[in-house]
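Heads up: the sequence shown begins at 572 in my numbering, then just goes up one per residue.
Each residue gets a CB set at the ideal place from its N, CA and C atoms; glycine is no exception.
Contents: one structure, followed by commentary.
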Amino acid sequence: MNNGMSVVFAGHSKDYSVCLSVNIGHVNEPSKGIAALFEKTLLLQVKGVIPVFGGTMTAYTTGGEDLEEALEKVAQIFNSTVISEELVEQAKAAIVKQTHDTAPLTMRRMKLLYKHTAFGADWVVTPNEYLLKIESYTAEDVREFANTYYTAANVVLAIAGPKIPLADMKEAVAHCLGNVPAGTRQPKFNGDIYTGGFSRMDVNSGATRLMFGWDVSKLTLDDSPAANVMMSMFWRRLERAYAEAGIDAQVEFKIAGYYGLRTMRAFVMSPDADAKSLTNVLIGAVNRICDVEATEERMEKSRNAAMVEKLDKYEKSDDKALEVAWQTIGRGSMYNIANRIEEIKDIDADAVRMLSLRVFRGCRPTYIVAATPETDALSYQEVLEKLGLEDMLKDDEKA
């Protein structure tokens, strides 16, 4: 657009889905908490949009049968947001309440500890430190943030929907969002802050939980097909490994974190197994996928599963618009879904093993344990030794 806003057609779908993504979030914000305070102030006023918080970017999604109506909803972000002392104070109160309500939850505490450990203590703050920063801001601070970052140059607008002439789409976008100030594009976030490490969180009772994570921010689009297949294979292999060990465990394996701060994260929870047993099984699965090539039968199942997972996600219009917007901001362009599927078909066992070596043995893992105080767990040194990564230990991590 003439004002510098990037507009991308995300593909065809029955109804319209609009995703407006802004190149700023709670990871790359200029001052801790200012992005959340503006977002909360905005959402007190703007109706009909759903926010998606991505760390280094924030998206606002909406949809419907009429394109112009959907565009007018996201246009409220720029046209209908008032930043006054009264509204900012209301936003602060809402953030304080939400933080106090969610802070005691085990999974929230564990995810915060994971981020704290994976990316370094200087980046993640405690809830109390965070709230002190929130309380310190004035309406003028929030207004300055909005005027700097919520501009056309920092926005990607993705649209999925029925096939209409391109000229009509351009006209609708220009009508609804053509008056957004151009502003200056802010630099991309430098995400090279991964540290890895070990942390433990005591819980009074209940299930034992583990998180393992690995930095994958250096993987490129060319690596993605092999990563899709590897993740599909590892998740199913990990589930089988716990079943074969006679351990009742819930397993999750996903990309967690943020575009620019991406980690591949395994989460395991068991109502009765101890942390040491859970960790040993996971380490065994990691070593196996790194050291032993999968059979062709296993490769075929993993390729098919990866293709189905990718298609299922992309076929949903809301997900499609969001994925296109975030890939455009995070990587500069959107991959072609048909090409990705074809590339997945060509992935062989060697490609999966090489990718596994890069991910699982290319960096220090992030290792988090949440268990009762008496539950025994492996030390970080023991974990790295079992993974063959003892050279990555820091002096203060050695026994």
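How about residue i and residue j: do their beta carbons lie closer than 7 Å?
| i | j | result |
| --- | --- | --- |
| T722 | P752 | yes |
| A731 | L642 | no |
| S588 | G625 | no |
| A837 | I818 | no |
| S873 | S803 | yes |
| L683 | S770 | no |
| E864 | R924 | yes |
| V800 | A877 | yes |
| T629 | V593 | yes |
| F690 | P936 | no |
| A778 | P675 | no |
| L809 | A856 | yes |
| W785 | V930 | yes |
| A846 | A942 | yes |
| I860 | F805 | yes |
| H583 | K734 | yes |
| L748 | A607 | no |
| I648 | V617 | yes |
| L964 | L958 | no |
In the DSSP assignment, what residue or residues form a beta bridge with residue i?
| i | result |
| --- | --- |
| G749 | Per DSSP, none; premise fails for G749. |
| C590 | T632, A729 |
| F838 | M782, E823 |
| G777 | G777 pairs with nothing; no bridge assigned. |
| F624 | T629 |
| M772 | A941 |
Terminal residues of the continuous beta strand (DSSP E) containing residue i?
| i | result |
| --- | --- |
| A581 | 577-583 |
| R811 | Not the beta strand (DSSP E): R811 falls in the alpha helix (DSSP H), residues 795-815. |
| A942 | 937-942 |
Taking residue i as the reference, which of the options has the closest Cα?
| i | options | result |
| --- | --- | --- |
| V774 | G582, V727, T677, K825 | T677 |
| D739 | R869, L638, E914 | L638 |
| S602 | M576, K704, I666 | K704 |
| I595 | Q757, A581, V620, Q647 | Q757 |
| T627 | K759, T719, E700, N750 | K759 |
| E968 | A717, H746, A606, Q952 | Q952 |
| T673 | Y708, P698, N650 | P698 |
| H746 | S927, V954, G768, N574 | N574 |
| Q669 | Y701, K644, F649 | Y701 |
Within the 7 Å Cβ cut-off, does residue i reach chain D?
| i | result |
| --- | --- |
| K825 | This model lacks chain D altogether, as it is built from one protein chain only. |
Along the alpha helix (DSSP H) that carries residue i, what are the first and last residues, could you check?
| i | result |
| --- | --- |
| Y701 | 698-707 |
| Y720 | 710-720 |
| G855 | 846-862 |
| H597 | Note, H597: premise wrong, no alpha helix (DSSP H); not H, not E. |
| D921 | 920-931 |
| E656 | 656-673 |
| R680 | 677-690 |
| E643 | 638-650 |
| Y951 | 951-958 |
| A606 | 605-614 |
Self-check item: Touch test, the region 659-669 against the region 911-931, Cβ-Cβ under 8 Å, three pairs minimum
Solution: no
Quiz item: Are the region 606-626 and the region 704-724 touching by the rule of at least three beta carbon pairs closer than 8 Å?
Solution: Touching, yes, given that three or more Cβ pairs across the two stretches are closer than 8 Å.
Exercise. Would you be able to state if there are at least three C-beta pairs under 8 Å between the region 820-827 and the region 943-950?
Key: Taking a contact to require three or more Cβ pairs closer than 8 Å, the region 943-950 and the region 820-827 do not qualify as touching.
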